[in-house]
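The working numbering numbers the first residue of the sequence shown as 1 and each following residue consecutively.
Notes follow the structure.
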Amino acid sequence: MTLDLDAKKVLLRKIPHGLFICGVREGDDVNGFTASWVTQGSFEPPLVVMAVKADGSSHGIIQRTKKFSLNVLKSDQKELAAIFFKPQKALGGRFETAPFKYGILGLPILEESIGGVECELIGQVNHGDHSVFVGEVKSACLHEDVEALNLNSTGWSYGG
Ligand SMILES: Cc1cc2nc3c(=O)[nH]c(=O)nc-3n(C[C@H](O)[C@H](O)[C@H](O)COP(=O)(O)O)c2cc1C
1 MTLDLDAKKV LLRKIPHGLF ICGVREGDDV NGFTASWVTQ GSFEPPLVVM AVKADGSSHG
61 IIQRTKKFSL NVLKSDQKEL AAIFFKPQKA LGGRFETAPF KYGILGLPIL EESIGGVECE
121 LIGQVNHGDH SVFVGEVKSA CLHEDVEALN LNSTGWSYGG
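Structure follows, in structure tokens:
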């Protein structure tokens, strides 16, 4: 059986996605990247599922530290999302234009976001070019309950 690659691409790109900034920290090193492959995985305990590029800088940090944050962007923060997927001069450089504080688990929470959750890694699947990380939500900080940015509204695509 051969996979119809064109059909697969069209269909997988129909999956709706939000846009988030995932934050990671290892000692003095802080980093963040734009993530769209994110969903909730359980009510109790509250779990989130995120796929992370296996060759990205943040992947190893999540594996080693076993934690990550997810910041929810406002509908008008497309430019910020772009900063966090473009190459940076040095690890953490993307935060120069995005003030943050550390949450209870010591992970970056963007001050101008809707808010952020901090998660402890409880499981992972390493298979393919992204690893699927499962995190248990341990802290939640809400700044402002407004409309969130979604991938469809940006005209970008990540998927297929
Ligand atoms: C619209 C969009 C959505 C993205 N979603 C994800 C994602 O869900 N997971 C991921 O690992 N990378 C995703 N990326 C790519 C990362 O943001 C990008 O590779 C980033 O440079 C990784 O940073 P790092 O190497 O510092 O960890 C996305 C990129 C774009 C343009």
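For every residue, glycine included, the Cβ atom is placed at its ideal position computed from N, Cα and C.
It is roughly 27 Å from the alpha-carbon of N152 to the alpha-carbon of G93. Counting the other Cβ atoms within 10 Å of the Cβ of G103 gives 16 or more, which makes it buried. By the neighbour-count definition (other C-beta atoms within 10 Å, threshold 16), S58 is a buried residue.
Straight across, the Cα-Cα distance linking V117 with K9 is about 31 Å. In the DSSP assignment, N71 forms a beta bridge with I21, G116.
Inside the segment 125-159, DSSP marks whole alpha helix (DSSP H) runs of 4 or more residues at positions 151-154, from first to last along the chain. Here S113 has I21, N71, V72, L73, K74, Q77, H143 as same chain residues with Cβ atoms under 8 Å from its own Cβ, once five neighbours each way along the sequence are excluded. Unbroken beta strand (DSSP E) stretches of 3 residues or longer found wholly inside the segment 28-52: 29-35, 38-42, given in chain order. The beta carbon of S57 sits closer than 6 Å to at least one heavy atom of ligand 1.
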